[in-house]
Amino acid sequence: MKNKLWDASGILGYDRGNENYEKRPYVIEGGDVISEKLPVVCNAVRAVGVIKPQFNPAQRNFLPPQLRINGTGFWLRNQEAFITCAHVIQNILGAPIEVAGMLVVGGNSFEYRKATISVIDFARDLAVLHIEADKTYLDNQIATGLEIIDRKINVAEEVAYAGFPFGNELLNNRHSPTYSEGVIGSEVVEDMFPKTIQISGSVAGGYSGAPIVLKSDPNKVIAVLANSPSKAAGDASIFRGIHWRHLKQIFDLINC
């Protein structure tokens, strides 16, 4: 058991000796409990999805509500807020709940809870969600949260991120996230201000809204994973994250 590697996504390779990893309970087949070390970023992320009934044309009735994962989000500890990308939740805007479904957040060994939209910024592709739950539940969530970094980032720094690529396809019984790593390629600057951070690393649909952290400072968010600028870029494992400064600006406005 000493050398066995456990992960959150079905992909092996975590370094159990690294201080950037946190322990959490892990139940293996047979009911034995061992200590699982996960990257810090894995503990902060949750799946963002919708629950809605599915119509059964053969029986001409509705099946029980089904969960569909649309993307990823994460908790911010210092702001007590849940963050995702605007495009992850935009399809439910303006549509009746029986058509769009009910927005929910959860997974990663936590119950799914109803969510509502507090702030949405289409220009920067960011959204802040309110999770409807009691204080104990929210305190447990926030305790796993990350903080916004407040320093210059550098090209070639190594990063890590976790999320729910391919939606429901890769979900296990705990709805655990998939962990991945990359490297900062550049800062994309417009009008003298940084807009996005270009990352070289594997990415797929469903990762949108995931936090990107520095491996050297894994509790701090440097960007929110958004998308690849083109299919060719995605095929070349190049994608963009929304710069941390935009995230900070949103909360500066909320808190002013």
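Under the numbering used here, the letters of the sequence shown match residues 1 to 256, in that order.
Note that CB positions come from ideal geometry on N, CA and C, so glycine has one too.
Could you give the DSSP three-state label for residue i: helix, strand or coil?
{"i": "L93", "result": "coil"}
{"i": "Q54", "result": "coil"}
{"i": "R245", "result": "helix"}
{"i": "V251", "result": "The sequence shown places Phe at residue 251, not Val. Helix."}
{"i": "G182", "result": "strand"}
{"i": "N61", "result": "strand"}
{"i": "A86", "result": "helix"}
{"i": "V99", "result": "helix"}
{"i": "N78", "result": "coil"}
{"i": "N154", "result": "coil"}
{"i": "Y26", "result": "Because Y26 sits at a pLDDT of 42, beneath the cut-off of 50, its placement in the model cannot be relied upon, and the following sentence gives the value as read from the coordinates. Note: Y26 maps to strand in three-state DSSP."}
{"i": "G49", "result": "strand"}
{"i": "G107", "result": "strand"}
{"i": "G167", "result": "helix"}
{"i": "S35", "result": "With a pLDDT of 41 at S35, under the threshold of 50, the predicted position of this residue should be treated as unreliable, and no value is reported."}
So, for residue i: in the same chain, excluding its five sequence neighbours on each side, which residues have a beta-carbon less than 7 Å away from its beta-carbon?
{"i": "T144", "result": "N43, A44, W75"}
{"i": "I165", "result": "With the sequence shown as reference, residue 165 is identified as Pro, and Ile is not the correct amino acid for it. These residues qualify, in order along the chain: T178, A204, G205, G206, Y207."}
{"i": "K248", "result": "I148"}
CB residue i to CB residue j, shorter than 7 Å?
{"i": "A86", "j": "F55", "result": "no"}
{"i": "F62", "j": "I131", "result": "no"}
{"i": "G49", "j": "R68", "result": "yes"}
{"i": "V155", "j": "I184", "result": "yes"}
{"i": "L103", "j": "N219", "result": "no"}
{"i": "H175", "j": "G101", "result": "no"}
{"i": "A160", "j": "V41", "result": "yes"}
{"i": "L196", "j": "R240", "result": "Just to set this straight, residue 196 is Thr in the shown sequence, not Leu. It is a contact, given that the beta carbons lie within the stated cut-off."}
Looking at the unbroken beta strand (DSSP E) that takes in residue i, where does it start and where does it end?
{"i": "V40", "result": "V40 -> not in any beta strand (DSSP E); alpha helix (DSSP H) instead, spanning 40–44."}
{"i": "N172", "result": "Where N172 is concerned, there is no enclosing beta strand (DSSP E), given that its DSSP letter is neither H nor E."}
{"i": "K220", "result": "217–227"}
{"i": "E158", "result": "158–163"}
{"i": "S118", "result": "110–121"}
{"i": "A127", "result": "126–131"}
{"i": "V213", "result": "211–214"}
With 16 other CB atoms within 10 Å as the buried threshold, where does residue i fall?
{"i": "T72", "result": "buried"}
{"i": "G163", "result": "buried"}
{"i": "L214", "result": "buried"}
{"i": "K37", "result": "buried"}
{"i": "G201", "result": "buried"}
{"i": "S118", "result": "exposed"}
{"i": "D150", "result": "exposed"}
{"i": "I212", "result": "buried"}
{"i": "Q141", "result": "buried"}
{"i": "H243", "result": "buried"}
{"i": "P96", "result": "exposed"}
{"i": "A58", "result": "exposed"}
{"i": "Q79", "result": "buried"}
{"i": "L126", "result": "buried"}
{"i": "V224", "result": "buried"}
{"i": "S186", "result": "exposed"}
{"i": "S180", "result": "buried"}
{"i": "Q198", "result": "buried"}
Sorry if obvious, but does the Cβ on residue i come closer than 6 Å to a heavy atom of the ligand FAD?
{"i": "V99", "result": "Only the bare structure without any ligand can be found here, which leaves the ligand FAD out of the picture."}
Along the chain, where does the alpha helix (DSSP H) containing residue i start, and where does it finish?
{"i": "L146", "result": "Where L146 is concerned, there is no enclosing alpha helix (DSSP H), given that its DSSP letter is neither H nor E."}
For residue i, I'd like the list of residues in its chain whose CB is within less than 8 Å of its CB, leaving aside the five on either flank, ordered along the chain.
{"i": "E98", "result": "K52, P53"}
{"i": "E111", "result": "Y137"}
Answer with yes or no whether the minimum CB distance from residue i to chain B is below 7 Å.
{"i": "D252", "result": "Protein chains in the displayed structure number just one, and chain B is not present."}
If you drop the 5 nearest sequence neighbours on each side, which residues of the same chain put their C-beta closer than 6 Å to that of residue i?
{"i": "N168", "result": "I69"}
{"i": "F258", "result": "For the chain, the structure presents residues 1 to 256; residue 258 sits outside this window and is missing."}
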